[in-house]
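For our numbering, add 534 to where a residue sits in the sequence shown, where the first one is 1.
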Amino acid sequence: MAGHSKWANIQHRKGKQDAKRGKIFTRLIKEITVAARMGGGDPGANPRLRLAVDKAYESNMPKDNVERAIKRGTGDLEGVNYEEIRYEGYGIAGAALIVDCMTDNKTRTVADVRHAFTKYGGNLGTDGSVAFLFKHCGQLVFAPGTNEDKLMEAALDAGAEDIITNDDGSLEVVTGANDFSKVKTALETAGFKSELGDVTMKPATEIDMKGDDAVKMQKLIDALEAVDDVQEVYTNAVLDAP
């Protein structure tokens, strides 16, 4: 992790997420709807739906909105039929990008995503071109100063796959994608609250990016995230936090 602060980068990312609250309800409603359609409307038996519902309540979404989204997913209410699409590509200096979308119009979505890649110096790739560089998993990040031994014990007892200590003292707990909510709840019960946690595409290796390259890469990421149909953008680039 030499050359950058993992913790500073994570805090910067969290700040950017908080700044996008205006769009978050739309994205959460799409996720809840699709999760309910694919795995049923019971969050207790559908880990993906449980995670989406938890995120919605953490973002102060009204309960009625959540319940309507579930009912649209299960077919109890009429609604737009969203389809999941994943695009892969390359950003500045060959950094990898995965762009997850939900859309009711694939033609529009691919045009918007391709435009963002092209305008800001990236290249849209083919299916599978970068996915092998990432692992689908749960990730919980804890602040420097967290008791490593106690966190490790609690995490392993809860069924976590790995605990990573970063050079700056922050700690990461890695879980199976379907075990994320269970491990998060167990750790909170044990007194450990993560600063950042989600089911994500975690890069196997990261690329440090500084100066002009970091600025250009951030503009590309921002442009992709601004596309209405984009749910998440993942990259193996670690950008210097301002």
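Where a beta carbon is used, it is the ideal one built from N, C-alpha and C, also for glycine.
How would you label residue i, buried or exposed, when you count the other beta carbons within 10 angstroms and need 16 or more for buried?
{"i": "methionine 572", "result": "exposed"}
{"i": "proline 577", "result": "buried"}
{"i": "valine 717", "result": "buried"}
{"i": "valine 614", "result": "exposed"}
{"i": "glycine 537", "result": "With a pLDDT of only 34 at glycine 537, under the threshold of 50, the placement of this residue in the model should not be trusted, and no figure is reported."}
{"i": "leucine 611", "result": "exposed"}
{"i": "glutamate 687", "result": "exposed"}
For residue i, which of helix, strand or coil comes out of DSSP?
{"i": "glutamate 759", "result": "helix"}
{"i": "valine 767", "result": "strand"}
{"i": "threonine 719", "result": "helix"}
{"i": "lysine 564", "result": "helix"}
{"i": "glutamate 687", "result": "helix"}
{"i": "valine 707", "result": "strand"}
{"i": "valine 664", "result": "coil"}
{"i": "glycine 574", "result": "coil"}
{"i": "phenylalanine 676", "result": "strand"}
{"i": "asparagine 657", "result": "strand"}
{"i": "lysine 557", "result": "helix"}
{"i": "threonine 652", "result": "helix"}
{"i": "lysine 753", "result": "helix"}
{"i": "valine 772", "result": "strand"}
{"i": "aspartate 731", "result": "The amino acid at residue 731 is misidentified as aspartate; the sequence shows glycine. The answer is strand: DSSP assigns glycine 731 an E or B state."}
{"i": "aspartate 713", "result": "helix"}
{"i": "aspartate 646", "result": "helix"}
{"i": "aspartate 502", "result": "Residue 502 lies beyond the residue range present for the chain, which begins at 535 and ends at 776; the question has no answer from this structure."}
{"i": "aspartate 702", "result": "coil"}
{"i": "alanine 536", "result": "Because alanine 536 sits at a pLDDT of 33, beneath the cut-off of 50, its placement in the model cannot be relied upon, and the following sentence gives the value as read from the coordinates. It is coil, neither helix nor strand."}
Looking at C-alpha atoms only, which residue of the options is the closest neighbour of residue i?
{"i": "glutamate 695", "options": "Asp701, Gly672, Gly659, Asp702", "result": "Gly672"}
{"i": "leucine 667", "options": "Glu759, Pro581, Ile741", "result": "Ile741"}
{"i": "glutamate 617", "options": "Gly607, Gly623, Leu611", "result": "Gly607"}
{"i": "alanine 677", "options": "Gly703, Ala692, Lys669", "result": "Gly703"}
{"i": "glutamate 592", "options": "Asp732, Val568, Asn712, Asp763", "result": "Asp732"}
{"i": "lysine 777", "options": "Glu722, Glu759, Lys753, Val767", "result": "Outside the displayed span of the chain (535 to 776) sits residue 777, for which this structure offers no information."}
{"i": "asparagine 712", "options": "Leu585, Ala757, Gly662, Phe559", "result": "Leu585"}
{"i": "asparagine 700", "options": "Phe714, Leu674, Lys589", "result": "Leu674"}
{"i": "threonine 680", "options": "Ile697, Pro596, Thr734", "result": "Ile697"}
{"i": "lysine 605", "options": "Gly628, Lys564, Met636", "result": "Lys564"}
{"i": "alanine 724", "options": "Ala738, Val764, Thr734, Leu690", "result": "Leu690"}
{"i": "arginine 561", "options": "Met595, Gly575, Gly574", "result": "Met595"}
Residue i to residue j, Cα distance in whole Å?
{"i": "alanine 638", "j": "glycine 625", "result": "Residue identity check: residue 638 is aspartate in the sequence provided, not alanine. Cα to Cα, aspartate 638 sits roughly 26 Å from glycine 625."}
{"i": "alanine 720", "j": "asparagine 657", "result": "41 Å"}
{"i": "aspartate 774", "j": "leucine 583", "result": "34 Å"}
{"i": "methionine 743", "j": "tyrosine 621", "result": "22 Å"}
{"i": "glycine 710", "j": "leucine 631", "result": "21 Å"}
{"i": "asparagine 599", "j": "alanine 771", "result": "35 Å"}
{"i": "glutamate 682", "j": "alanine 603", "result": "39 Å"}
{"i": "asparagine 580", "j": "leucine 705", "result": "28 Å"}
{"i": "aspartate 747", "j": "tyrosine 654", "result": "11 Å"}
{"i": "threonine 652", "j": "glycine 659", "result": "11 Å"}
{"i": "lysine 727", "j": "methionine 751", "result": "31 Å"}
{"i": "valine 749", "j": "isoleucine 755", "result": "10 Å"}
{"i": "alanine 510", "j": "glycine 745", "result": "For residue 510 there is no data in the structure shown, the boundaries of the chain being 535 and 776."}
{"i": "valine 761", "j": "leucine 730", "result": "23 Å"}
{"i": "alanine 645", "j": "glutamate 759", "result": "14 Å"}
Would a check of beta-carbon distances place residue i closer than 7 Å to chain C?
{"i": "aspartate 610", "result": "Here chain C cannot be found, since the structure has a single protein chain."}
For this session: Taking only runs that begin and end inside the segment 577-642, name each unbroken alpha helix (DSSP H) of 4 or more residues, in chain order.
Result: 581-592, 597-608
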